[in-house]
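Read the structure below first, then the notes.
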Amino acid sequence: MEEYERTALNVGPLVPPAAAGEDLAYFLHVAAAGQPGRRVAVGARPLTVGRDAARDVVVDDAAVSRWHLQVSLQGDRVVVEDRQSTNGTFLDGARLVGAAELREGSRVQIGQHTLTLERRSRRDVEEREALDRDLDKASQYVHSLLPAPLADGPVRTDWCYQPSAQLGGDAFGCDRLDADTFVFYLIDVSGHGVGAAMHSVSVLNVLRQRALPRADLTDPVQVLSDLNAMFQMDRHDGMYFTMWYGAYDCRSRRLRYACAGHHAAYLVRPDRQEATPLRTHGLMIGAAPEARYRADDTVVPPGGVLYVFSDGVFEIVTKDQRQWRVGDFVPLLLDAPVAGVSESRRLFQAVTAAARPGPLDDDFSLVVVTLP
32 MEEYERTALN
42 VGPLVPPAAA
52 GEDLAYFLHV
62 AAAGQPGRRV
72 AVGARPLTVG
82 RDAARDVVVD
92 DAAVSRWHLQ
102 VSLQGDRVVV
112 EDRQSTNGTF
122 LDGARLVGAA
132 ELREGSRVQI
142 GQHTLTLERR
152 SRRDVEEREA
162 LDRDLDKASQ
172 YVHSLLPAPL
182 ADGPVRTDWC
192 YQPSAQLGGD
202 AFGCDRLDAD
212 TFVFYLIDVS
222 GHGVGAAMHS
232 VSVLNVLRQR
242 ALPRADLTDP
252 VQVLSDLNAM
262 FQMDRHDGMY
272 FTMWYGAYDC
282 RSRRLRYACA
292 GHHAAYLVRP
302 DRQEATPLRT
312 HGLMIGAAPE
322 ARYRADDTVV
332 PPGGVLYVFS
342 DGVFEIVTKD
352 QRQWRVGDFV
362 PLLLDAPVAG
372 VSESRRLFQA
382 VTAAARPGPL
392 DDDFSLVVVT
402 LP
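Numbering (the working numbering), first residue to last: 32 to 403.
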């Protein structure tokens with residue numbers, strides 16, 4: 032069996048032991064980022080994986096070859112073999128050449144999909160799949176609260192949301208308050224999973240229902256201050272969140288904005304020669320009841336484009352193991368649009384092309400707003 036060079040070991044979570052008398056079997060858990068995935072039993076007959084409909088496990092991913100790899104049980108060992116795929120197979124972070132043994136918890140990455148080897152009882156798999164279905168329903172609910180893109184009217188928006196786990200802690204909104212006033216916001220809750228997702232849903236529903244005590248959504252300082260009073264972390268299981276909030280007046284073309292522990296949004300001129308950071312300094316929401324916030328404003332040139340995003344957009348590790356910062360991402364904003372591809376999708380593709388193989392490490396949330 033050919034060897035492969037291991038650069039890092041990323042062992043998955045431990046699987047609880049089965050009850051006495053239960054038969055254990057090997058399963059391959061196949062999932063894209065933020066999706067529940069599926070489990071397929073591994074047996075002596077090779078399990079073929081690829082984009083082709085004739086494969087045992089069909090992976091709908093443009094970076095995956097038609098017949099990308101195969102997995103089989105050989106005695107008491109599980110073996111994975113790359114089938115000379117175009118973009119490669121990565122085992123625990125290292126590129127696989129030929130075949131290698133999989134261990135329990137080993138992670139195989141192809142394109143944006145991860146294949147994890149598990150050893151479980153069939154009863155445990157059935158229970159896990161039932162839980163995954165419930166989590167999938169929760170994920171669909173979170174998605175249902177995100178705004179529909181604005182394709183018509185003076186302000187146009189599009190967005191890309193790709194959680195790194197089945198449920199993420201990012202949320203955002205683009206609301207029209209009246210004929211001439213729009214608000215845009217993005218929140219990033221600490222952590223991942225059900226708790227973070229439900230916290231972001233609570234915040235999102237307060238904003239969507241305009242349920243803030245002072246209720247002037249055109250005043251970023253009031254909005255952040257009211258949210259900070261409502262969502263103190265000592266009353267919300269230790270959770271806090273960062274936020275960028277802006278209100279735009281179409282008549283004056285003035286954008287007023289404020290931040291709560293969040294990095295800058297960026298305003299790009301129509302000639303794409305400059306990306307201007309829009310940021311004020313303020314404490315994250317929930318950390319201290321006495322936190323104070325400050326707003327700033329700018330006049331948007333006709334056709335200016337606003338980019339509001341979470342830190343998962345730029346905090347990636349590249350193929351050469353370099354850690355990106357926001358300064359590595361901002362130049363992508365100045366690149367020319369791509370015909371037939373939305374601006375948010377263009378940037379997602381550029382980031383994933385630069386990142387190391389596999390799902391991104393954090394939630395990718397990006398809102399693009401074109402202003403008159």
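Glycine included, every Cβ here is placed at the ideal spot set by N, Cα and C.
{"Check": "For the stretch 121 to 176, which segments carrying the alpha helix (DSSP H) assignment without a break, of at least 4 residues, lie completely within its bounds, in sequence order?", "Outcome": "153 to 176"}
{"Check": "Assuming proline 251 and arginine 287 make a contact with CB atoms under 8 Å, what is their CB distance in whole Å?", "Outcome": "6 Å"}
{"Check": "Assign tyrosine 172 to buried or exposed, taking buried as 16 or more other Cβ atoms, counted over all protein chains shown, within 10 Å of its Cβ.", "Outcome": "exposed"}
{"Check": "Would you report the Cα separation of arginine 153 and aspartate 54, rounded to the nearest angstrom?", "Outcome": "8 Å"}
{"Check": "In terms of residues, what are the limits of the beta strand (DSSP E) holding arginine 8?", "Outcome": "Nothing about residue 8 can be read from this structure; the chain reaches only from 32 to 403."}
{"Check": "With a Cβ-Cβ cutoff of 8 Å, do leucine 177 and phenylalanine 203 count as a contact?", "Outcome": "yes"}
{"Check": "What is the DSSP secondary structure of glutamate 112, reduced to helix, strand or coil?", "Outcome": "strand"}
{"Check": "One question on the structure: do valine 399 and aspartate 183 come within less than 8 Å of each other, judged by their Cβ atoms?", "Outcome": "no"}
{"Check": "May I ask you to report which of helix, strand or coil DSSP gives alanine 385?", "Outcome": "helix"}
{"Check": "Is the separation between the beta-carbon of serine 195 and that of aspartate 394 shorter than 8 Å?", "Outcome": "yes"}
{"Check": "Mapping the DSSP letters down to three states, classify methionine 274 as helix, strand or coil.", "Outcome": "strand"}
{"Check": "When you compare the CB positions of tyrosine 271 and alanine 318, do they come within less than 8 Å of one another, or not?", "Outcome": "yes"}
{"Check": "Using a Cβ-Cβ cut-off of 7 Å (strictly less than) and excluding sequence neighbours within five positions of aspartate 28, which residues of its own chain qualify?", "Outcome": "Residue 28 is absent from the structure shown; the chain starts at 32 and stops at 403."}
{"Check": "Bridge partners of aspartate 327, per DSSP?", "Outcome": "Tyr288"}
{"Check": "Report the CB separation of aspartate 87 from leucine 78 in whole angstroms; it is logged as a contact under 8 Å.", "Outcome": "5 Å"}
{"Check": "What is the DSSP secondary structure of proline 251, counted as helix, strand or coil?", "Outcome": "helix"}
{"Check": "If you check the beta carbons only, do serine 375 and leucine 397 fall under 8 Å apart?", "Outcome": "yes"}
{"Check": "DSSP state of glutamine 380, grouped into three classes?", "Outcome": "helix"}
{"Check": "Using the rule of at least 16 other Cβ atoms within 10 Å of the residue's Cβ for burial, across every protein chain shown, is valine 220 buried or exposed?", "Outcome": "buried"}
{"Check": "Is the Cβ-Cβ distance between valine 95 and histidine 144 less than 8 Å?", "Outcome": "yes"}
{"Check": "Can you tell me the Cα-Cα spacing of aspartate 206 and arginine 241, whole angstroms?", "Outcome": "10 Å"}
{"Check": "Based on the DSSP output, what are the partners of proline 333 in its beta bridges?", "Outcome": "For proline 333, which the question treats as bridged, DSSP gives no partner whatsoever."}
{"Check": "Could you tell me the alpha carbon to alpha carbon distance between valine 372 and glutamate 321, rounded to whole angstroms?", "Outcome": "44 Å"}
{"Check": "Can you give me the start and stop residues for the beta strand (DSSP E) that phenylalanine 360 sits inside?", "Outcome": "Counting along the chain, phenylalanine 360 falls outside any beta strand (DSSP E), though it belongs to the alpha helix (DSSP H) covering 357 to 364."}
{"Check": "On the criterion of 16 or more Cβ atoms from any shown chain inside 10 Å, does alanine 367 qualify as buried, or is it exposed?", "Outcome": "exposed"}
{"Check": "Which partner residues does glycine 204 have in the DSSP bridge list?", "Outcome": "Tyr216"}
{"Check": "Quick one: residues in its chain with C-beta nearer than 7 Å to the C-beta of glycine 81, no 5 flanking neighbours on either side, listed in chain order?", "Outcome": "Val90, Val95, Ser96, Arg97, Trp98 and His99"}
{"Check": "Could you tell me the alpha carbon to alpha carbon distance between arginine 377 and leucine 363, rounded to whole angstroms?", "Outcome": "9 Å"}
{"Check": "In chain order, what residues of the same chain have a beta carbon less than 8 Å from the beta carbon of threonine 120, not counting five sequence neighbours either side?", "Outcome": "His99, Leu100, Val111, Asp113, Arg126, Leu127, Val139, Gln140 and Ile141"}
{"Check": "Quick check: the Cα distance between arginine 303 and glutamate 149, rounded to an integer number of angstroms?", "Outcome": "48 Å"}
{"Check": "Tell me the DSSP bridge mates of valine 399?", "Outcome": "Asp189 and Tyr338"}
{"Check": "So is arginine 282 buried or exposed if we call it buried at 16+ other beta carbons inside 10 Å?", "Outcome": "exposed"}
{"Check": "Please list, in chain order, all residues of the same chain as arginine 239 whose beta carbon is under 8 Å from its beta carbon, the five residues on each side excluded.", "Outcome": "Leu176, Gly204 and Asp206"}
{"Check": "I'd like to know whether the C-beta atoms of arginine 70 and valine 156 end up nearer to each other than 8 Å.", "Outcome": "yes"}
{"Check": "On the premise that alanine 295 lies in contact with leucine 309, defined as a C-beta separation below 8 Å, what is that separation, rounded to the nearest angstrom?", "Outcome": "6 Å"}
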